[in-house]
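Taken in sequence, the protein lines are chains A and B. Residue 0 is where the first sequence starts when you use numbering that gives the first Met the number 0, and the numbers rise one by one after that. Residue 0 is where the second sequence starts when you use numbering that gives the first Met the number 0, and the numbers rise one by one after that. As structure tokens, the structure follows; a few thoughts come after it.
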Amino acid sequence: MRRTLRWLTVLLALFAGAAWAGHVVTDDAGQTTRFDAAPARIVSLLPSLTETVCALGACDRLVGVDRYSNWPEPVKTLPQMGGGLDPNVEAVVALRPDVVLIGTSSRASVRLRALGLKVVALEPKTRAAMRHTTTLLGELLQVGGAAELLARIDAGVQAAADRMPPAARGQRVYYEVTPAPHAAGRSTFIDELMQALGLVNIIDAELGPYPRINPELVVRLDPDLIMVSQQGAAELARRPGWAKLRALRQGRVCEFNAAERDILVRPGPRMPEAARLMADCASHSASSKKEAGGA
Amino acid sequence: MPTLAPTALDAAPPRAAPRVLWLAFTLIVLSLLALAWGASVGSTGFDSLRRAFDDPAAAQIVWDIRLPRTLGAWLAGALLALAGAVAQGLFRNPLADPFLLGSASGAALAVALAYAALGVGGMVAGGGSVALLQAASPWLARLGFTGAAFLGALGGVLLALMLARGVQQTLRLLLAGVVVGFVLGAVRDLVQLAQPDVLQAMQGFTLGITGFVGWGGCAVMAAVLAPLMVLAWALARVLDALALGEATALSLGLPLGPLRALLVGVLALATGAAVAQTGLIGFVGLVAPHLARSLVRCTHGPLLLLSTLVGGLLLALADVASRLVIAPQELPVGVLTAVLGGAYLLWLMNRRAGGAR
Chain A
0 MRRTLRWLTV
10 LLALFAGAAW
20 AGHVVTDDAG
30 QTTRFDAAPA
40 RIVSLLPSLT
50 ETVCALGACD
60 RLVGVDRYSN
70 WPEPVKTLPQ
80 MGGGLDPNVE
90 AVVALRPDVV
100 LIGTSSRASV
110 RLRALGLKVV
120 ALEPKTRAAM
130 RHTTTLLGEL
140 LQVGGAAELL
150 ARIDAGVQAA
160 ADRMPPAARG
170 QRVYYEVTPA
180 PHAAGRSTFI
190 DELMQALGLV
200 NIIDAELGPY
210 PRINPELVVR
220 LDPDLIMVSQ
230 QGAAELARRP
240 GWAKLRALRQ
250 GRVCEFNAAE
260 RDILVRPGPR
270 MPEAARLMAD
280 CASHSASSKK
290 EAGGA
Chain B
0 MPTLAPTALD
10 AAPPRAAPRV
20 LWLAFTLIVL
30 SLLALAWGAS
40 VGSTGFDSLR
50 RAFDDPAAAQ
60 IVWDIRLPRT
70 LGAWLAGALL
80 ALAGAVAQGL
90 FRNPLADPFL
100 LGSASGAALA
110 VALAYAALGV
120 GGMVAGGGSV
130 ALLQAASPWL
140 ARLGFTGAAF
150 LGALGGVLLA
160 LMLARGVQQT
170 LRLLLAGVVV
180 GFVLGAVRDL
190 VQLAQPDVLQ
200 AMQGFTLGIT
210 GFVGWGGCAV
220 MAAVLAPLMV
230 LAWALARVLD
240 ALALGEATAL
250 SLGLPLGPLR
260 ALLVGVLALA
270 TGAAVAQTGL
280 IGFVGLVAPH
290 LARSLVRCTH
300 GPLLLLSTLV
310 GGLLLALADV
320 ASRLVIAPQE
330 LPVGVLTAVL
340 GGAYLLWLMN
350 RRAGGAR
């Protein structure tokens, strides 16, 4: 009896092995890579991928990360391989990873592949791409729970949306990504979050994802609310004509610090937090509008 | 300008030849030492070298990463220095560098366009466009960026030649090069404005990275360097004659037009080959000829040889240093060469000023 059981277990393991053997992954660059087993040693060179791997419960399989990966906490103790665009190739190879996760814009992937490493290039820029990436990583790492994680993320974003007071909805928002100024346009992940929260991006769709805009455009469109990184906020009022913007006069500017900005620009498992940050900003702004209106 | 200008004919003392050979020998030995140093320095340090014969991973690190990248840095430095020495002789200007004729801006623009067309911007919803899938095979992608940089560098120089209506007038050529540099730079800015993602990806290229050079890249650069060295050596007399002024060179009966075109060809090919593999590494091409000239005063033949060797050694050392400074991470090597090269030029300038007093 026990012997039969043991055989059964072996058979089952074999079947499981056969099912996983030859798992082929097609990444965002169109590269197909064959994996015979679930990768046990992972190097991630893109923060959003690092966060997704950890959210899938495979944080302990990470052996190295890029210098910008800073969440969750255990990641900070891992050896840093340099930036995603200029990683130390030798340090990556020395870790003998089963897979290297990297952004699609890095030239390093060619070199790493040439050295015999398995490289999967992924760079989610939208919620749909984030779903695709999470599912793909779940399959690659052979961990269950990708679907649950995605459901949790969607529920979290929805919860943030539900917390938005009706008065806060419909605000027209200008989101400044860099002080160049580059705006977050339509078809970006930030815009999708705005939509989920019932906010309206002032940037038109035809301007593309992250257009560099004429500061005059913002003056003309006069947004209800401005979201900006911390170092950009101080100089906003100093820009010609901006001091008269309604949002600036009524103090409806949200400044995000570096840690918050990391959350807001990385399409990954912390999307609910990003939505909450935005929702808090919008609700606060709506209440200050009431005060300003009363005064 | 005359104080800094390469004054060739009056400067060759009779006993220069043995000194040149001695210097060349020393530089080659130092380069080999740098190569050995390069093989033993990196994220895992000397350890990998010790275990290179029994541990396959350590062997891979030494043979497939450290050696090709150090050799690649040497070759790229040598190419840039050769181009720099040729440029300084050709334009009779000590501040001429390999990127003078628009090759740098041409290469940078081509790479930015390649990024915009192939990679970064086209990403939608994890799927990927047709262009992206076409760029998928690593060979094609590699050809994409390396080839684009090479063609761009040559294209920039050709454009400058066209605007200058040939190579007849040095000043015209120089000005055309400056114009091409600015205009192509502006076009690149436009590309980057349209697709901000490109901007970030371009950073690696404009700073210069030696870390991604493999044996293939080394072979390409060596195959370009060897014939160019021979050609430049054969044309060194032209540079010597040019140092005395164009009128004198003409009166010596030299067919200046075709010879100058050949020299521009050497300049463009050497720069293009180096830039394609490593990106824009500044200052090596400018400083190496000055350094060689301060070692020995000689005619252009030996000067080209010594400059090439000095440039190779400089960039190989800079490559090693880029791995050491913030180990186990790496500094882009272009940052180091700019700092070191700038400091050297400043020192040279002050020394000259002191000597003049």
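Ideal Cβ placement from N, Cα and C applies to all residues, glycine included. In this text the structure is predicted, and so the values were computed from the model without any measurement.
Opposing strand residues paired with residue i [DSSP bridges]
i      : result
N200/A : V172/A
V252/A : I225/A
A86/A  : Per the sequence presented here, residue 86/A reads as Pro, with Ala not at that position. Answer is G81/A, bridged to P86/A.
T369/B : Any answer about residue 369/B is impossible in this case: the structure gives chain B only from 0 up to 356.
V118/A : V99/A
V23/A  : R33/A
T177/A : H181/A
Coil, strand or helix - residue i by DSSP
i      : result
A342/B : helix
S211/A : Correcting the residue type first, residue 211/A is Arg in the shown sequence and not Ser. The answer is strand: DSSP assigns R211/A an E or B state.
T360/A : Outside the shown range of chain A (0 to 294) lies residue 360/A, about which nothing can therefore be said.
G345/A : The structure shown does not extend to residue 345/A, since chain A is modelled only from 0 through 294, so no value can be given for it.
V52/B  : Note that residue 52/B corresponds to Phe in the displayed sequence, not to Val. It is coil, neither helix nor strand.
R33/A  : strand
L45/A  : coil
A242/A : helix
A182/A : strand
A233/B : helix
W70/A  : coil
I152/A : helix
R295/A : Not covered by the structure: residue 295/A. The range shown for chain A is 0 to 294.
A106/B : helix
R265/A : coil
A163/B : coil
Per-residue burial, residue i [other beta carbons within 10 Å of its own, 16 or more giving buried]
i      : result
Q157/A : exposed
R106/A : buried
N349/B : exposed
F282/B : buried
M161/B : exposed
D188/B : exposed
Q194/B : buried
G143/A : exposed
L345/B : exposed
L140/A : buried
N87/A  : buried
R259/B : buried
A242/A : exposed
Contact with chain B by residue i, beta-carbon distance below 7 Å
i      : result
L263/A : no
E89/A  : yes
L84/A  : yes
L114/A : yes
V92/A  : yes
S47/A  : no
K117/A : no
R237/A : no
R211/A : yes
Residue i at chain A interface by Cβ criterion, 7 Å
i      : result
Q63/B  : Per the sequence presented here, residue 63/B reads as Asp, with Gln not at that position. It does: the Cβ of D63/B has a partner Cβ on chain A nearer than 7 Å.
I208/B : yes
F52/B  : no
G414/B : Outside the shown range of chain B, which is 0 to 356, sits residue 414/B, and nothing can be said about it.
Q328/B : yes
F211/B : yes
L192/B : yes
I60/B  : yes
G180/B : no
G203/B : yes
A200/B : yes
Contacting residues, own chain, Cβ-Cβ under 6 Å from residue i (five flanking each side not counted)
i      : result
P266/A : S47, P123, M129, F188
L290/B : V309
L220/A : I201
A120/A : D26, D27, A28, I101, T103, S108
V297/A : Because residue 297/A is not part of the residues shown, which for chain A are 0 to 294, the question remains open.
I208/B : G278, P331
A337/B : G281, F282
Beta-carbon contacts of residue i that lie in its chain and below 7 Å, excluding the five residues immediately before and after
i      : result
R65/B  : G37, A38, G41
V19/B  : V295, C297, P301, L305
P164/A : S282, A285
Cutoff 8 Å; reference residue i; Cβ partners in own chain excluding five residues on either side
i      : result
L114/A : V88, V92
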